[in-house]
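Chemist: Take the numbering used here: the final residue in the sequence shown is number 308, and no numbers are missing along the way. Ideal Cβ placement from N, Cα and C applies to all residues, glycine included.
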Amino acid sequence: ELGYLSSGSEHSAHADDDASCSFSSLIFGLPDDVAAENVSSENDSDSDDGDVSMYDSTDMIDDLPKPVFYSDLDLFRISLATKVTKALEMFSFLKSNKPILRRNVMTYLRDFGYNAAICKTKWESSGGLKAGNYEFLDVIRSESGNRITRYFIDLDFAAEFEIARPTNYYERLSHSLPKIFVGKSEELKQMLKVMSDAGRRSLKSKDLSIPPWRKHRFMQNKWLGAYKRTTNVLPAANSSALLSPSKQTNVVKCRSVGFSAVDANGHLLFPAASGTR
């Protein structure tokens, strides 16, 4: 994992704290009062209390409708997700180096006019919370009336919810998660709440302890904590030695058609394409 050195600006953890509909209602079509029975409150989601028998019920699993994560009405999100998928296909040879992969995806999105950046979260140990840090992408969309919408992008989202010896219920739930997450904070918040609670119950039913990094507070801090935002094309610990500020700017602000992919040493993997879009 990368260190926390960054030239990016700091942002509050509560910038996107809006109310949202139930994730269970969003995914499984359950009304909020029914969903409330199946999902513990946010404050209690890391506790060891609660009945776990229902979470491995074959009947319940068979009755679950096909999950639907996003509204098809968000055309901006759909277009953005398509671009992210295309970028991942193009840079699949970088998948073993996730920091560099993220930065090439960021550069690709910026070349299409998106206000994309790398986001870094970091938090200290406190009250049973294990210290940690995380890195993902976001895109800021400016709308009319000075309204700003933030879209979170995680290139390997579903893998962050893997646990040992999952129950059938948890396995079904985790398989419904998107491998690549592209969405708003309200969607992300509900996913974290439901998955953390289901993971806790799954582990408890197998007499396994809950790893610190699978607790709800830890998962919240990964994506929803205070963060630094940067458009540096290389990880901050190496960028000053590998690329001058002028070269960094030139790589991020690419030509309207094509862009320059870079490796961990700041070398071009292939030049930007010529022509016009």
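Inspect the beta-carbon positions of L111 and V136 and report whether they are closer than 8 Å.
Modeler: Contact flag unset, no.
Chemist: What is the rounded straight-line gap between the Cα of K13 and the Cα of K151?
Modeler: The requested residue 13 does not occur in the structure, where the chain is confined to residues 32 to 308.
Chemist: Just confirm the distance between the C-beta atoms of K153 and N164, as a whole number of angstroms; I'd bet it's less than 8 Å.
Modeler: 4 Å between Cβ atoms; contact.
Chemist: Can you tell me where the beta strand (DSSP E) with N146 in it begins and where it stops?
Modeler: Run containing N146: 146-154, per the beta strand (DSSP E) assignment.
Chemist: Give every residue of the same chain whose Cβ lies closer than 6 Å to the Cβ of L204, excluding the five residues on either side of it in the sequence, and list them in chain order.
Modeler: The answer, listed in chain order, is A229.
Chemist: Using CA coordinates, which residue listed in M121, D142, F183 is at the minimum distance from G256?
Modeler: Checking every option, the nearest Cα to that of G256 belongs to F183.
Chemist: What residues are listed by DSSP as bridge partners for T113?
Modeler: DSSP, once it has assigned bridges, lists no residue as partnering T113.
Chemist: Starting from F122, follow the beta strand (DSSP E) in both directions and report where the run begins and ends.
Modeler: Element bounds for F122: n/a, residue is neither H nor E.
Chemist: Cβ of F192 within 8 Å of Cβ of M226?
Modeler: A contact, by the Cβ cut-off of 8 Å.
Chemist: Among the candidates P266, P197, P243, whose CA atom is the shortest distance from the CA of G159?
Modeler: Nearest of P266, P197, P243 to G159, Cα basis: P243.
Chemist: Which complete beta strand (DSSP E) runs does the segment 143-214 hold, if anything under 3 residues is left out?
Modeler: Entirely contained in the segment 143-214, the beta strand (DSSP E) runs reaching 3 residues are, in chain order, 146-154, 163-173, 179-185, 212-214.
Chemist: Taking 8 Å as the cut-off, decide whether the C-beta atoms of K237 and R181 are in contact.
Modeler: Going by C-beta atoms, K237 is not nearer than 8 Å to R181.
Chemist: Reducing DSSP to helix, strand and coil, say where T262 ends up.
Modeler: Residue state, collapsed to three classes: coil.
Chemist: State the DSSP-derived secondary structure class of L255, mapped to helix, strand or coil.
Modeler: In the structure shown, L255 sits in a helix (DSSP, three-state: H, G or I).
Chemist: Using the beta-carbon count (16 or more within 10 Å), is D185 buried or exposed?
Modeler: Buried: at least 16 other Cβ atoms inside 10 Å.
Chemist: For W254 and T198, I'd like the C-alpha separation in whole angstroms.
Modeler: Their backbone Cα atoms lie some 25 Å apart in a straight line.
Chemist: For S157 and N252, I'd like the C-alpha separation in whole angstroms.
Modeler: Answer to the nearest angstrom: the Cα atoms are 12 Å apart.
Chemist: Looking at the unbroken alpha helix (DSSP H) that takes in L313, where does it start and where does it end?
Modeler: Absent from the structure is residue 313, since the part of the chain shown begins at 32 and ends at 308.
Chemist: Assign S127 to one of two classes, buried (16 or more other C-beta atoms within 10 Å of its C-beta) or exposed (fewer than that).
Modeler: Result: exposed.
Chemist: Check the C-beta distance from R367 over to I149 and give it rounded, since I have them as a contact under 8 Å.
Modeler: In this structure the chain extends from 32 to 308, so residue 367 is not present and cannot be described.
Chemist: Quick check on the burial criterion: 16 or more other C-beta atoms within 10 angstroms. Buried or exposed for F59?
Modeler: Low per-residue confidence applies at F59: pLDDT is 42, beneath 50, and the placement is therefore not dependable, though the value from the model is reported in the following sentence. Result: buried.
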